[in-house]
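Anchor point for the sequence shown: position 131 equals 131 in this note's numbering, and the numbering is continuous, going up by one each time.
Have a look at the structure below, then the notes.
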Amino acid sequence: MKIDLRSDTVTTPTQKMRDAMRDAVVGDDVYGEDPTINQLEELAAKVLGKEAALFVTSGTQGNQVAVLSHTKRGDEVIVEENAHIFYYETGGLSTIAGVQARTIKGINGQMPIAEIEQSIRDHTNIHFPRTGLICLENTHALSGGRILPLSYMEEVYRLSRQHSIPIHLDGARLFNAAIGLGVHPKEIAKYTDTVQFCLSKGLSAPMGSMLVGPKETIEKARKWRKMLGGGTRQVGIVGAAGIVALEEMIDRLEEDHLHAKALAQGLSRIDGIEIDVDAVESNIIMLSIDGLGMSSEEFINQLNQFGILVTSASLNRIRLVTHREITGEHVDRTVEAIKEIAVNFMKVKQ
Ligand SMILES: *Cc1c(COP(=O)(O)O)cnc(C)c1O
């Protein structure tokens, strides 16, 4: 069995999910007649304290229909420069939503408040586009699963109300943020207009994301989803797993965070591995192997020979993600394997 630390997306559905999928009562969701999806949407809205929710096929689709629902063609969207919505969605902002991105460099996913404020356009100026949306990401994936503090979310929210600009939160790993902060997910969602979260990552459902928000926005999103080909039929078959995900899989994310911390601590004691243990706030670990002088590719290949899969993130960093199928024993084996690779490589170098 491989130890797959590439992403929490590799989690497979639990037995309970498979049972729920087999027995799901379904109907045509484009007609709004899939009872399982209707139940899932009600549950998602309730969990986040919002009016309504929409099942979407992926996080990317959820984010894009959110942008489409909040903005008009030609608007400008304020987004952190490493945010998934900007960086990893194949240019959907411009191609699908027809908006332009105003990127701001953030620190651990936090765009400086003053810079957000300075970036908001005065649309009465004939030269300027309208600022249509502010996007946040919590946890922030590319910085290593960093958590936006509630105080930060509140500050951005206050600013957005002053300027009457909606906030969309890419909360692909929203529940990791809530667990990390020790708060109910509603406490995060209340500083947003819409939130997208993934059922398919740490929560272990086979597919799907939810977009939650005000009824009116979600109804717009439903129509955009149809345009993008995301109107599906007896989709309660997979939605049933989403219900199990929300009912049973949130609290256990704590375990993934503990494993990530333990992994980071173990790795921090290895010469040549650079890692900031304090920066590990959720289930993602970023480490630098610059101290080894080995290429990321070679490092990944060598780890592969131990049956351990990891990926490289930007800036020559290695990324490890913990999830339900990673055990304490896997954590120990990974630390041992990386130690062996580091020690052997140092010997060869001398
Ligand atoms: C995974 C992810 C997404 C997209 O989800 P998909 O289901 O892979 O399309 C969006 N935002 C963030 C931060 C993610 O980590």
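Using N, Cα and C, we set each Cβ at its ideal position, and we do this for glycine too.
Residues near residue i in its chain [Cβ-Cβ closer than 6 Å; skip 5 each side]
{"i": "A101", "result": "V77, V79, F86, L93"}
{"i": "T57", "result": "G230"}
{"i": "A262", "result": "V331"}
{"i": "A52", "result": "A45, K215, I218"}
Distance cut-off 6 Å: residue i Cβ against heavy atoms of ligand 1
{"i": "A141", "result": "yes"}
{"i": "G208", "result": "no"}
{"i": "I172", "result": "One detail in the question is off: residue 172 reads as Ala in this sequence, not Ile. Yes; taking the cut-off as 6 Å, the Cβ of A172 has a heavy atom of ligand 1 nearer than that."}
{"i": "S312", "result": "no"}
{"i": "E81", "result": "no"}
{"i": "S58", "result": "yes"}
{"i": "H168", "result": "no"}
{"i": "E281", "result": "no"}
{"i": "H84", "result": "yes"}
{"i": "E137", "result": "yes"}
Contact under 7 Å by Cβ, residue i with residue j
{"i": "L133", "j": "H70", "result": "yes"}
{"i": "K50", "j": "V212", "result": "yes"}
{"i": "V195", "j": "G171", "result": "yes"}
{"i": "S295", "j": "S312", "result": "no"}
{"i": "A342", "j": "L309", "result": "no"}
{"i": "R130", "j": "D75", "result": "yes"}
{"i": "G106", "j": "L148", "result": "no"}
{"i": "K378", "j": "G307", "result": "Past the boundaries of the shown model lies residue 378; the chain is included only from 1 to 350, so the question cannot be answered."}
{"i": "L174", "j": "A245", "result": "no"}
{"i": "E248", "j": "T11", "result": "no"}
{"i": "E81", "j": "T60", "result": "no"}
{"i": "P13", "j": "A240", "result": "no"}
Cβ-based neighbour list, residue i, same chain, cut-off 7 Å, excluding 5 preceding and 5 following
{"i": "G287", "result": "In the sequence on display, residue 287 carries Leu and not Gly. So the list reads L267, I273, E274, I275, R317, I318, once near-sequence residues are dropped."}
Sequence-distant residues of the same chain with beta carbon closer than 8 Å to residue i, five excluded per side
{"i": "I243", "result": "A20, T36, Q39, L40, L43"}
{"i": "A337", "result": "L303, F306, I308"}
Inset, instruction - Answer yes if the segment 15-33 comes into contact with the segment 264-281, meaning at least three C-beta pairs across the two stretches below 8 Å, and no otherwise. - result: Verdict: no, contact absent.
Inset, instruction - Check whether the segment 57-67 touches the segment 118-126, counting contact only when three or more Cβ pairs, one atom from each stretch, lie closer than 8 Å. - result: Too few Cβ pairs lie closer than 8 Å, so no.
Legend entry - Stretch-stretch touch, CB-based, cutoff 8 Å, three pairs: the segment 163-183 with the segment 277-285: Between the segment 163-183 and the segment 277-285, the count of Cβ pairs shorter than 8 Å is three or higher; the stretches touch.
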